[in-house]
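Numbering (the numbering used here), first residue to last: 580 to 900.
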Amino acid sequence: MFGIEFVPEEPAAKIGYLAKLAEDVGFDTVWVTDHYNNRDVYTTLAVVSMLTNKVKLGTGVTNPYTRNTAVTASSIGAINELSGGRAILGIGPGDKATFEIMGIEWDKPLTRVKESVSAIRALLARERVNQAGMKGAQLKFNPGKIPIYLGAQGPKMLELAGAIADGVLINASHPDDFKFAVPVIKQGAEKAGRKPEDVQICAYASFSVDKDQAKAVNASKMVVGFIVAGSPSNVLERHEIEQGDAKKITDSIAKGDFKSVLAEVTPKMVEAFSIAGTPEDCRARVNELQKTGVTQIVVGSPIGPNRESAIKLIGKQIICK
Ligand code: F42
């Protein structure tokens with residue numbers, strides 16, 4: 580299966596247009612990110628819902644801090660109703676840096692996600708809910724059945740996803756990251772008495788495709804720079820990237836010196852943190868990921884140097900339905 584990520588840093592109508600194109604070339608799911616400084620995720624999903632017919636529509640991902648859990652249940656329920664049952668709720672612990680700016684305390688993220696998922700499931704089942712801090716909250720409409728996927732990277736969050744979620748969205752592009760993550764998810768599922776195959780495993784990958792390999796790689800570099808800067812040291816070690824090289828990028832980003840970021844991103848970093856190259860290169864990586872247990876490739880930013888032609892290229896030469 581193939582999904583595609585859109586970041587609502589452009590108007591919802593534009594994303595709706597690209598989402599329709601993605602649907603037409605064979606993508607199965609459209610994921611829309613959630614950060615307070617972009618357009619609202621549910622407004623965007625509503626527009627995408629009206630402009631498409633078949634694709635599943637997911638928050639990729641929301642969190643239990645910036646939105647009250649009952650409001651999340653109501654919002655995704657409305658999207659499910661509007662789209663004829665195509666909604667998926669993607670939820671994760673959220674982005675610490677943006678919470679600090681908003682004055683929101685990031686307390687016990689794992690516990691918070693776990694309680695929130697349980698409460699949302701109960702709300703979607705029209706139950707009166709007295710958990711996750713709620714005191715008798717209940718929806719007034721029937722939202723229908725909605726799968727819940729967790730955004731997860733850390734071992735505890737991955738295990739939790741195995742235990743409670745219908746799927747997991749992992750921000751990674753390299754098979755080594757999935758060789759680490761998939762057994763942890765499976766262990767979480769088995770411990771909870773579930774079948775591991777009931778949990779969809781999605782590689783939420785930075786993707787850049789073009790017929791010209793160099794153009795595709797160049798277009799991936801800025802996103803890769805940000806991923807390197809935000810990666811914990813154990814992930815850098817897994818990919819044999821020196822802390823000092825990552826620090827240079829972090830410092831350039833902090834100074835707003837993006838020209839230096841582009842120069843400091845090495846081929847090894849591109850290899851570790853993106854799927855970038857010609858359609859043949861990308862198809863080979865997709866095959867490798869599928870062998871590790873990945874069930875959905877989510878094509879994330881930048882998609883390619885030219886998004887529209889990249890979406891068409893992926894449909895024709897990588898999805899090939
Ligand atoms: N974040 C956003 O804000 N917006 C997005 O649109 C978005 C998209 C997205 C897509 C895919 C994806 O994988 C992640 C995405 N994210 C997005 C980021 C996501 O919200 C998380 O920030 C990201 O997945 C990192 O989460 P993590 O799995 O690393 O979990 C963190 C919280 C972590 O530290 N986990 C630890 C672990 O091992 O998994 C466990 C921490 C822990 O156990 N905490 C205890 C607890 O109860 O929470 C408390 C411990 C104590 O001592 O207090």
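We put the beta carbon where it would ideally sit given N, CA and C, even for glycine.
Heavy atom of ligand 1 within 6 Å of residue i beta-carbon
| i | result |
| --- | --- |
| Gly767 | no |
| Thr612 | yes |
| Thr829 | no |
| Lys735 | yes |
| Gln710 | no |
| Asn750 | yes |
| Gln732 | yes |
| Leu668 | no |
| Gly673 | yes |
| Leu689 | yes |
| Tyr783 | yes |
| Val788 | no |
| Val878 | no |
| Val650 | no |
| Val627 | no |
Identity of the residues DSSP links to residue i by a beta bridge
| i | result |
| --- | --- |
| Ala784 | Val878 |
| Tyr596 | Tyr596 pairs with nothing; no bridge assigned. |
| Ile638 | In the sequence on display, residue 638 carries Thr and not Ile. DSSP, once it has assigned bridges, lists Val611 as partnering Thr638. |
| Ile727 | Leu668 |
| Thr585 | Note on residue identity: the sequence assigns Phe, not Thr, to residue 585. Bridge partners of Phe585: Val611. |
| Ile854 | Phe786 |
Contact under 7 Å by Cβ, residue i with residue j
| i | j | result |
| --- | --- | --- |
| Val796 | Ala825 | no |
| Ser752 | Ala784 | yes |
| Leu703 | Ser662 | no |
| Ala652 | Ile727 | no |
| Val634 | Val620 | no |
| Gln896 | Pro858 | yes |
| Gln792 | Gly856 | yes |
| Thr871 | Phe757 | yes |
Buried versus exposed call for residue i [16 or more other C-beta atoms within 10 Å across all chains shown]
| i | result |
| --- | --- |
| Met736 | buried |
| Lys593 | exposed |
| Cys899 | exposed |
| Arg707 | exposed |
| Ile583 | buried |
| Val650 | exposed |
ask   = Is it true that the stretch 742-749 meets the stretch 834-847, where meeting means three or more beta-carbon pairs spaced less than 8 Å apart?
value = no
message = Would you call the stretch 593-604 in contact with the stretch 878-895, where contact means no fewer than 3 C-beta pairs closer than 8 Å?
response = yes
request  = Inspect the CB distances between the stretch 625-634 and the stretch 683-702 and report whether three or more fall short of 8 Å.
outcome  = no
message = Three or more C-beta pairs under 8 Å: does that hold for the stretch 831-842 against the stretch 810-822?
response = no
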